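Trainee:
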Amino acid sequence: MARAAVLGRLTWRVGTVVAVRQETATARTIVLEVPDWPGHLAGQHVDLRLTAADGYSTQRSYSIASAPEGGRLELTVEQVPDGEVSPYLAQVLAVGDPVELRGPVGGWFVWRPATPDPVLLVGGGSGLVPLMAMIRTRAANDSRVPFRLVYSLRDPQSMLYSEELRHRGRHDPGLDVAYAYTRGVPEGWPHPPSRIGADLLTANGWPPELNPACFVCGPTGFVETAAELLVDAGHDPARIRTERFGPSGGPR
C-alpha cells in the first residue's frame, strides 16, 4: 500500500484551470480541478510540466496555496524576470487550459492540524504561499492552535492575499500578523523600510521556551538569515523547518 501511494504521487495527471485570480501586478493564483487528486498536506508542493508543440518539455515546482479541505488545488505563481515557465503561467494560461502536474511532494515542511504546539510562520515574498496553506488549513479545521505570521515583502503593492490577510488578522484572535517592508511602506507606517531582524522576530514571534514549530520559507538568503536569527534567539534548530527557492529550482 505504501509503494502504491508513492507511485500515485509520482503519476502525472492532467488538471484543468477553472479560475484565475490576480494577486499583484506580477502574481496570480491558478485554481485547478484535478481528477483523482490524492489529497495533500499544508506545506506540500507539486511539479508542473509544460510541453511545447515541438516536443520540448520543462518542469518547475510550485507550492500549494489551498487547504486540503477545499476540493480544488490552488497555486500562486510569481512571475520571475526572464523566467522560462512563470511568465506563461502568470500571463498566458487561461480558464479551460489543461495543466500537467504530479504530487503532492514533500513530507518535512508540513503542518498537521492535530499538532498542538504554537506555530511561527516566517515568509519572504512568495514564500508566503505554503504558509498561507497552513493558515487556511487551520481555519478549515476550526483549530485553536495559536499562529503568528511574520511576512517580509518589498512594498504594499507586492502583498499576496492582501484582503484575506487583513480580514484574518482582524477577525481571527488566534492569528497574529506582522509585516516587514523592505523597499516601501504604507502611508502612516511607523517604521522606515527595513529587512527582517531579531527585534521583529522577538516582538512578533514566540518565546523559545514555548517550543513553537517554526516554518521559514522564501529566497535562500532570506531563509538562511531568518533561521539563524531564530537559533540565535534560543529556538531549537530541530524545530525550525525551512523551504527555500531560487530562480530555476525548488518550490515557489
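Sequential numbering of the sequence shown, starting at 9, is according to our numbering.
Ideal Cβ positions, reconstructed from N, Cα and C, are used throughout, including at glycine.
None of the values given here were measured: they were computed from a predicted structure.
So the beta strand (DSSP E) residue 29 belongs to, where does it begin and stop?
Mentor: 21 to 30 is the extent of the beta strand (DSSP E) around residue 29.
Trainee: In terms of residue numbering, what span does the alpha helix (DSSP H) encompassing residue 231 cover?
Mentor: 228 to 240 is the extent of the alpha helix (DSSP H) around residue 231.
Trainee: What do you reckon, are the CB atoms on residue 76 and residue 48 nearer than 8 Å?
Mentor: Result yes, Cβ atoms of residue 76 and residue 48 sit closer than 8 Å.
Trainee: Give me the Cα-Cα distance between residue 245 and residue 222, rounded to the nearest whole angstrom.
Mentor: Residue 245 and residue 222: Cα-Cα distance of roughly 9 Å.
Trainee: Is the beta carbon of residue 146 sitting closer than 8 Å to the one on residue 155?
Mentor: Contact: yes.
Trainee: For residue 38, which option in 208, 252, 118 and 137 has the closest C-alpha, if you only look at C-alpha atoms?
Mentor: Of 208, 252, 118 and 137, the residue nearest in Cα terms is 137.
Trainee: Please classify residue 35: does DSSP put it in a helix, a strand, or coil?
Mentor: Correct three-state label for residue 35: strand.
Trainee: What are the boundary residues of the alpha helix (DSSP H) that residue 55 is part of?
Mentor: Run containing residue 55: none in the alpha helix (DSSP H); it sits in the beta strand (DSSP E), 53 to 59.
Trainee: Only counting runs of 3 or more residues, tell me where the beta strand (DSSP E) segments fall wholly within the region 41 to 98, in order along the chain.
Mentor: As far as the region 41 to 98 is concerned, its whole beta strand (DSSP E) runs of at least 3 residues are 53 to 59, 65 to 71 and 81 to 86.
Trainee: Have a look at the DSSP bridge pairing and note the partners of residue 187.
Mentor: Partner(s): 159.
Trainee: Where does residue 15 fall in DSSP's three states?
Mentor: Its pLDDT being 44, under 50, residue 15 is placed unreliably in this model, and the value from its coordinates should be taken loosely. It is helical.
Trainee: Is residue 53 buried or exposed, if buried means 16 or more other CB atoms sit within 10 Å of its CB?
Mentor: It counts as buried.
Trainee: Which whole-angstrom value describes the C-beta separation of residue 69 and residue 58, a residue pair presumed to lie in contact below a C-beta threshold of 8 Å?
Mentor: Not quite, the Cβ-Cβ distance comes to about 13 Å (not below 8 Å), so this is no contact.
Trainee: Hey, quick one: how far does the beta strand (DSSP E) through residue 193 stretch, first residue to last?
Mentor: Careful: residue 193 lies outside any beta strand (DSSP E) and carries neither H nor E.
Trainee: Could you give the first and the last residue of the continuous beta strand (DSSP E) run that contains residue 100?
Mentor: Looking at the DSSP string, residue 100 is not in any beta strand (DSSP E), and its letter there is neither H nor E.
Trainee: With DSSP collapsed to three states, give me the class of residue 128.
Mentor: Note: residue 128 maps to strand in three-state DSSP.
Trainee: Assess, as a yes-or-no matter, whether the region 108 to 126 is touched by the region 205 to 212 under the definition of 3 or more beta carbon pairs within less than 8 Å.
Mentor: Judged by Cβ distances under 8 Å, the region 205 to 212 makes no contact with the region 108 to 126, as fewer than three pairs qualify.
Trainee: May I have the straight-line CA-CA distance separating residue 28 from residue 165, to the nearest angstrom?
Mentor: Approximately 19 Å, taken between the alpha carbons.
Trainee: With burial defined as no fewer than 16 other Cβ atoms inside 10 Å of the residue's Cβ, what is the status of residue 252: buried or exposed?
Mentor: Classification for residue 252: buried.
Trainee: What number of angstroms, rounded off, separates the C-alpha of residue 23 from the C-alpha of residue 80?
Mentor: Residue 23 and residue 80: Cα-Cα distance of roughly 10 Å.
Trainee: Closest to residue 124 by C-alpha separation, out of 35, 135, 234 and 152, would be which residue?
Mentor: It is 152.
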